[in-house]
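Right, one structure below, let's go through it.
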Amino acid sequence: MKRWLRWLILLAGYPFVMWLVWIWLGVSERDPGDLILSFLLALGIVAGLTGLVWIVFGGSVWRALGFVLSIMTLTILMSLLPSWSVPLNHWAAQYRWIYPWLLRAVTLALMATTLPIVLMGSSVLLRTWQYWCAWAVLTLGVYVIPAWLVRWVPELSSMAAQTASMVVRFGLAYLIALATLTAFARFVRQLAEGQSSAIPGAQQPHTAAPAP
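When we follow the working numbering, the leftmost residue of the sequence shown carries the number 31, and every step to the right adds one.
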């Protein structure tokens, strides 16, 4: 696949999948037709995410599917954990704010552990400090910076200026996240190949043509 085509698919693919998610969340599921529509949309979302992950990371499509399903399952399970809404003693109530940050940290750590094992078929990366540094950069570029750009609203006088600001901020956040993700994928593939070749008898990770 040509590089420009990869970038075109990635640039349009993620917004399209998010649009499918938005439609899927709005399905009422009150009758068999709604259930069928919901099921088809869910299949489309999983297929779309699998294709996008495969384009970015390469390797086996089935591993990409397994990674998408693993991350979805992990996200659902973590969201079902009980919050600190129950009555707490005075000491625990002071540190209630820690819970959401702890939950995010645990979720990110589990995702970081899942990625090389499920997606690349190798646990070698988990023993390297370079991988964890790359994951920290990924978190910064995909979550922290884009979230800050989206939430930051400059004081502008006109509606046109506010609309232009929103378009620029959202577009910049998306491009930063996508560029960080593709750079991360390229780096971890090269790192996995180097680590596997350094270990006698180690199985080479499943890789494909370089991502954009």
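Built from N, CA and C at the ideal position, the CB exists for glycine as well.
Do residue j and residue i have their beta-carbon atoms positioned less than 8 Å apart in this structure?
i, j, result
"residue 75", "residue 99", "no"
"residue 156", "residue 210", "no"
"residue 141", "residue 89", "no"
"residue 133", "residue 108", "yes"
"residue 217", "residue 164", "yes"
"residue 215", "residue 136", "no"
"residue 71", "residue 54", "yes"
"residue 206", "residue 175", "yes"
Please work out which residues of its chain come closer than 7 Å, Cβ to Cβ, to residue i, disregarding the five sequence neighbours upstream and downstream, and give them in chain order.
i, result
"residue 190", "none"
"residue 93", "148, 149, 151 and 236"
"residue 177", "none"
"residue 39", "85"
"residue 172", "207, 210 and 211"
Between residue i and residue j, what straight-line distance do the alpha-carbon atoms span, to the nearest angstrom?
i, j, result
"residue 82", "residue 188", "38 Å"
"residue 116", "residue 110", "Here the model assigns residue 116 a pLDDT of 49, short of 50, so the residue's position is not dependable, and the following value carries that caveat. Cα-Cα distance, rounded: 15 Å."
"residue 79", "residue 192", "32 Å"
"residue 59", "residue 66", "9 Å"
"residue 68", "residue 47", "14 Å"
"residue 222", "residue 96", "19 Å"
"residue 194", "residue 182", "14 Å"
"residue 143", "residue 154", "11 Å"
"residue 219", "residue 184", "39 Å"
"residue 170", "residue 56", "31 Å"
"residue 166", "residue 63", "44 Å"
"residue 77", "residue 130", "30 Å"
"residue 186", "residue 196", "11 Å"
"residue 160", "residue 61", "51 Å"
"residue 52", "residue 42", "16 Å"
Considering residue i, what are the terminal residues of the alpha helix (DSSP H) in which it resides?
i, result
"residue 61", "It is not in any alpha helix (DSSP H) - residue 61 carries neither H nor E in the DSSP assignment."
"residue 96", "91-109"
Excluding the five sequence neighbours on either side, which residues of its own chain have a C-beta within less than 8 Å of the C-beta of residue i, listed in chain order?
i, result
"residue 44", "82, 204 and 208"
"residue 35", "none"
"residue 201", "none"
"residue 158", "221 and 225"
"residue 104", "137, 140, 141 and 144"
"residue 162", "142"
Ignore the nearest five residues each way along the sequence and tell me which others in residue i's own chain have a CB closer than 6 Å to its CB.
i, result
"residue 91", "84"
"residue 199", "179"
"residue 31", "none"
TODO: Return the chain-ordered ranges of every beta strand (DSSP E) run that is complete within the segment 168-213 and spans a minimum of 3 residues.
DONE: Within the segment 168-213, no run of beta strand (DSSP E) at least 3 residues long lies entirely inside it.
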